[in-house]
Ligand SMILES: Cc1cc2nc3c(=O)[nH]c(=O)nc-3n(C[C@H](O)[C@H](O)[C@H](O)COP(=O)(O)OP(=O)(O)OC[C@H]3O[C@@H](n4cnc5c(N)ncnc54)[C@H](O)[C@@H]3O)c2cc1C
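Residue numbers (our numbering): 934 to 1403.
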C-alpha cells in the first residue's frame, strides 16, 4: 500500500503530559470506591442501629440476625457487581472495560458464598422454629409465598452463573453459551427483589432503608438499561450504521469500514473499542469487541478483524450495506493516559489494530514514537504496510520482529544469543525507559512484555495495556 492510499487523521496540535492527569484519575477512582464502601457500611450500620443484634436470645434468633445481615451485604455487593459490567461510560473512563470486568469477576464467588450463607441460615432457622428437618422445610418455605419461591429460583440462577464462570467451565464453553447463561444473572437479581421487600425485615415498613434500596436499584437498573440496551439502539437508529467497505488485510484478517449519518458525532478515540453487532438473522444477538484500527473520522470507523472463531470467520466476507450496531466506545487505552513525550507502542498478532490507530493519531515529533510489531511472518502480518506508511509520514521508528519466540518465556524472536528480553528491548528501543509504553496482544504475551518493563525499573504509570478480557 502506498502512503497516498492511506487517509491519515491529523493529530491534535498538542497534548497535556505529566502525571497530573494520572493523579486526577486516581482521585476520582478513590471517590467512586469510597461511595461503594459507604453503601456497604450503610447497610451494616442500619442493621445494627435497628437492633439487629439486640434480639438475639437463642440459636434461631442468632441465625435470623445472621441471615438478615448476609442478605443486606450480598444484595448491596450484587448491585455493585452488576454496575461493574453495565458498561457505563463514567466507570469505563476511570478504570477501563478490562478492569471493571476483572473486578466484576472477582466479586462473583464471594457474593455467591454470602447468598448461600443467607439461604442456609434462613433455612435452618425456620426448620428449628417449625421443628422440621431442613429438606422438609425447603418445601414449606417454597409453598409459603411466591416471593420465597422466586428467591429459590434466584439462588439457583446465581449458582449456575458462577459455576459457568469459573476457569475450567469457561474454557469449555463457547462465548455465545457463556453469554446466554450470563443473562440468567438478570433473572437472579429480578427474582430476588420481591422477597427482599415483602419478607425482608430490614426493608419492609422502614422508610429510610426502603428509600436507600429503591434508589440503589433505580440507579443500577437505570444505568444498565440505558447504557447497555437502549443507548446502542438509539445510536443505531440515529446513525444508521452500515458496512461501507471491506478489504483483506492479511490472509486471515479483514478491515471493515462502518459508515452512517453524522459520523462526526461519535466520540471514539484511537485505542478504544466498540462491541460490534452484525444485524443479520444469524449474528444479531452476539456482539463482539473490536478495537478501532484507524483513527475515527467524519466518514467512517474501521475495525480489523482476525478470523479466530465462528463469527470472526463470517465477518471476513461481510457484504457492503450490511447493517450493524455499535456499542461503545469503551476503554482507556488512549493517548489521554499518556504522560511522557516519548512513546513506545508494542503489539503482536491481532493486537495490532489499536496500535495502528494510536500510531496514526498521537501527537509526536519525528523520532518520539517507536513501534515494535511482533509478527510470525512479515509477508502476512495484518496492517504492517499501513504501519510502515504511517511511520514514514510521521517519522516514527518502526521495528518489525519476525519469527517464532526465542524460548517459551520470551516475547521476542530468537537471534540474539542469551541476552534477556529486557536488555534486548533497550537495544531495540533505546528510549523505552523514558517513554509511555502501550502494549496490545495476547494476554500471556502481554504479561511477559510487562515483566521486561518492570525489570527495566519502569513505573506502572508508564505502562498501559488493555487486556482482551470477557
Ligand atoms: C477489548 C477487546 C478488543 C478486541 N479487539 C480486537 C480486534 O481489533 N481485532 C480482532 O480480530 N479481535 C479483537 N478482539 C478479540 C475478538 O473480540 C474475538 O476474537 C472475537 O470476539 C471472537 O469471536 P468468534 O465468535 O469468532 O470466536 P469464538 O468462536 O466465540 O471464540 C474464538 C476465540 O475468541 C475468544 N473470544 C470469543 N468471544 C470473545 C469476546 N467477546 N471477547 C474476547 N474474546 C472472545 C474466545 O475466548 C476464543 O478463544 C478484541 C477483544 C477485546 C476484549
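Glycine included, C-beta positions come from ideal geometry on N, C-alpha and C.
On a predicted model such as this, the values are computed, not experimentally measured, just so you know.
| said: Please classify residue 1180 as buried or exposed, where buried requires at least 16 other C-beta atoms within 10 Å of its C-beta. | reply: Walking along the chain shown from the start, residue 1180 turns up at place 247. By the 10 Å Cβ count, residue 1180 comes out exposed.
| request: State the start and end residues of the unbroken beta strand (DSSP E) segment that holds residue 1262. | output: By 1-based counting over the chain shown, the position of residue 1262 is 329. Residues 1257 to 1263.
| query | Helix or strand or just coil, what does DSSP make of residue 1275? | reply | Taking the first residue of the chain shown as 1, we reach residue 1275 at position 342. Correct three-state label for residue 1275: strand.
| Reduced DSSP secondary structure (H/G/I, E/B, other) of residue 1239 | For the purposes of this step, residue 1239 is taken as residue 306 along the chain shown, with counting starting at 1. In the structure shown, residue 1239 falls within a strand segment according to DSSP collapsed to helix, strand and coil.
| task | Check the C-beta distance from residue 1263 over to residue 1103 and give it rounded, since I have them as a contact under 8 Å. | result | Within the chain shown, numbered from 1, the residue matching residue 1263 stands at position 330. Within the chain shown, numbered from 1, the residue matching residue 1103 stands at position 170. Between residue 1103 and residue 1263 the Cβ distance is about 21 Å, and since that is not below 8 Å, they are no contact.
| request: State the CB to CB distance for the pair residue 1437 and residue 1285, rounded to an integer number of angstroms; the pair is presumed to be in contact (CB under 8 Å). | output: Nothing in the structure corresponds to residue 1437, since the chain is present only between 934 and 1403.
| query | For the alpha helix (DSSP H) that contains residue 1231, what are its first and last residues? | reply | Here residue 1231 refers to the residue found at position 298 of the chain shown. Annotation: residue 1231 is outside any alpha helix (DSSP H) and is labelled neither H nor E by DSSP.
| With distances taken from CA atoms, which of 952, 1058, 1029 and 1013 is nearest residue 1037? | Counting from one through the chain shown, the residue named residue 1037 turns up at place 104. Looking at the Cα atoms, 1013 is the closest of the given residues.
| message | Using a Cβ-based criterion (distance less than 7 Å to any ligand heavy atom), does residue 1245 qualify as near ligand 1? | response | Counting from 1 along the chain shown, the entry for residue 1245 is found at position 312. Yes, since a heavy atom of ligand 1 falls inside the 7 Å radius drawn around the Cβ of residue 1245.
| query | Taking the C-alpha atoms as reference points, what is the distance between residue 934 and residue 1339? | reply | As a working mapping, residue 934 is identified with position 1 in the chain shown. As a working mapping, residue 1339 is identified with position 406 in the chain shown. Unreliable positioning characterises residue 934 in this predicted model, as indicated by a pLDDT of 48, which lies under 50. A coordinate reading is not provided.
| field | Residue environment, residue 974, which counts as buried when at least 16 other CB atoms sit within 10 Å | value | Locating residue 974 in the chain shown gives position 41, counting from the first residue. By the 16-neighbour rule on beta-carbons within 10 angstroms, residue 974 is exposed.
| query | Can we count residue 1353 as close to ligand 1, meaning its CB is less than 7 Å from some heavy atom? | reply | For this step, residue 1353 is matched to residue 420 along the chain shown. Residue 1353 has its CB no nearer than 7 Å to any heavy atom of ligand 1.
| field | Exposed unless 16 or more other CB atoms sit within 10 angstroms - verdict on residue 876 | value | Because the chain here runs from 934 to 1403, residue 876 falls outside it and cannot be looked at.
| query | Which residues in the same chain as residue 1124 place their Cβ atom closer than 8 Å to its Cβ, once the five residues preceding and following it in sequence are excluded? | reply | Position 191 of the chain shown, counting from 1, holds the residue named residue 1124. Once the five neighbours on either side are set aside, the close Cβ partners of residue 1124 are 1083, 1084, 1086, 1087 and 1090.
| message | Here's a check: name, in chain order, each residue in its chain whose Cβ is nearer than 7 Å to the Cβ of residue 1055, leaving out the five neighbours to either side. | response | Locating residue 1055 in the chain shown gives position 122, counting from the first residue. Counting only Cβ-Cβ distances below 7 Å, and skipping sequence neighbours, we find 1000.
| request: Rounded to whole angstroms, what's the CA-CA distance from residue 1320 to residue 1383? Just pull it up for me. | output: In the chain shown, counting from the first residue as 1, residue 1320 sits at position 387. In the chain shown, counting from the first residue as 1, residue 1383 sits at position 450. Looking at the backbone, the Cα of residue 1320 and that of residue 1383 are separated by about 23 Å.
| DSSP-derived helix/strand/coil call for residue 1037 | Position 104 of the chain shown, counting from 1, holds the residue named residue 1037. Residue state, collapsed to three classes: helix.
| query | How about residue 1388 and residue 1273: are their beta carbons less than 8 Å apart? | reply | Stepping through the chain shown from its first residue, residue 1388 is reached at position 455. Stepping through the chain shown from its first residue, residue 1273 is reached at position 340. Not closer than 8 Å, so no.
| Going by the beta-carbon positions, is the gap between residue 1234 and residue 1247 smaller than 8 Å? | Locating residue 1234 in the chain shown gives position 301, where the first residue counts as 1. Locating residue 1247 in the chain shown gives position 314, where the first residue counts as 1. A distance of 8 Å or more separates the beta carbons of residue 1234 and residue 1247.
| message | Is the separation between the beta-carbon of residue 1294 and that of residue 1203 shorter than 8 Å? | response | Here residue 1294 corresponds to residue number 361 of the chain shown, with the count starting at 1. Here residue 1203 corresponds to residue number 270 of the chain shown, with the count starting at 1. Yes, Cβ-Cβ distance for residue 1294 and residue 1203 is below 8 Å.
| query | How do the stretch 960 to 976 and the stretch 991 to 1009 stand: do at least 3 beta-carbon pairs fall below 8 Å, yes or no? | reply | Using a C-beta cut-off of 8 Å, the stretch 960 to 976 makes contact with the stretch 991 to 1009, since at least three inter-stretch Cβ pairs fall below that distance.
| Who are the near neighbours of residue 1216 in its chain, counting only those whose CB is closer than 8 Å to its CB and skipping five residues on each side? | One-based indexing of the chain shown puts residue 1216 at position 283. Closer than 8 Å at the Cβ level, and outside the excluded window around residue 1216, lie 1210, 1244 and 1247.
| Which class does residue 934 belong to by DSSP, given the choice of helix, strand or coil? | As a working note, residue 934 is residue 1 in the chain shown. Legend: pLDDT at residue 934 = 48, less than 50; position of this residue unreliable, value from coordinates given subsequently. Per DSSP, reduced to three states, the secondary structure at residue 934 is coil, with no helix or strand assignment.
| What residue range is occupied by the uninterrupted beta strand (DSSP E) comprising residue 1206? | Translated into positions along the chain shown, residue 1206 becomes position 273. It spans 1206 to 1211 - the beta strand (DSSP E) in which residue 1206 sits, taken as one unbroken run.
| query | Who are the near neighbours of residue 995 in its chain, counting only those whose CB is closer than 7 Å to its CB and skipping five residues on each side? | reply | Here residue 995 refers to the residue found at position 62 when the chain shown is read from its first residue. So the qualifying residues of the chain are 989.
| task | Taking only heavy atoms of ligand 1 into account, decide whether any of them is closer than 7 Å to the Cβ of residue 1226. | result | Residue numbering aside, residue 1226 sits at position 293 when the chain shown is read from its first letter. Correct: residue 1226 has its Cβ closer than 7 Å to ligand 1.
| request: Tell me, please, whether the stretch 1296 to 1315 touches the stretch 941 to 950 by the rule of three or more beta-carbon pairs shorter than 8 Å. | output: A contact between stretches requires three or more CB pairs, one per stretch, nearer than 8 Å, and the stretch 1296 to 1315 meets this requirement with the stretch 941 to 950.
| task | Report yes if the CB atom of residue 1345 is closer than 8 Å to the CB atom of residue 1334, and no otherwise. | result | The residue given as residue 1345 occupies position 412 in the chain shown. The residue given as residue 1334 occupies position 401 in the chain shown. Result yes, Cβ atoms of residue 1345 and residue 1334 sit closer than 8 Å.
| residue 1237: beta carbon under 7 Å from a heavy atom of ligand 1? | To locate residue 1237, count along the chain shown from 1; it is residue 304. True, at least one ligand heavy atom lies under 7 Å from that Cβ.
| Reduced DSSP category for residue 1079 - H, G, I as helix; E, B as strand; rest coil | For the purposes of this step, residue 1079 is identified with residue 146 of the chain shown, where counting begins at 1. Helix.
| Collapsed DSSP secondary structure at residue 1355 in the structure displayed | What you label residue 1355 is simply residue 422 of the chain shown in a count that begins at 1. Correct three-state label for residue 1355: helix.
| query | Cβ-heavy atom distance between residue 1109 and ligand 1 below 7 Å? | reply | In the chain shown, counting from the first residue as 1, residue 1109 sits at position 176. Residue 1109: yes, Cβ under 7 Å from ligand 1.
| Is residue 1179 near ligand 1, with its Cβ less than 7 Å from a heavy atom? | Along the chain shown, read from residue 1 onward, the residue named residue 1179 stands at position 246. Residue 1179: no, Cβ never under 7 Å from ligand 1.
| said: Need the endpoints of the beta strand (DSSP E) that residue 1132 sits in, please. | reply: Translated into positions along the chain shown, residue 1132 becomes position 199. Careful: residue 1132 lies outside any beta strand (DSSP E) and carries neither H nor E.
| task | Please list, in chain order, all residues of the same chain as residue 1011 whose beta carbon is under 6 Å from its beta carbon, the five residues on each side excluded. | result | Residue 1011 sits at position 78 when you count from the first residue of the chain shown. For residue 1011, same chain residues with a beta-carbon under 6 Å away, outside a window of 5 residues either side, are 1044 in chain order.
| query | Who does residue 1316 pair with in a DSSP beta bridge? | reply | What you label residue 1316 is simply residue 383 of the chain shown in a count that begins at 1. Partner residues in a beta bridge of residue 1316, as assigned by DSSP, do not exist.
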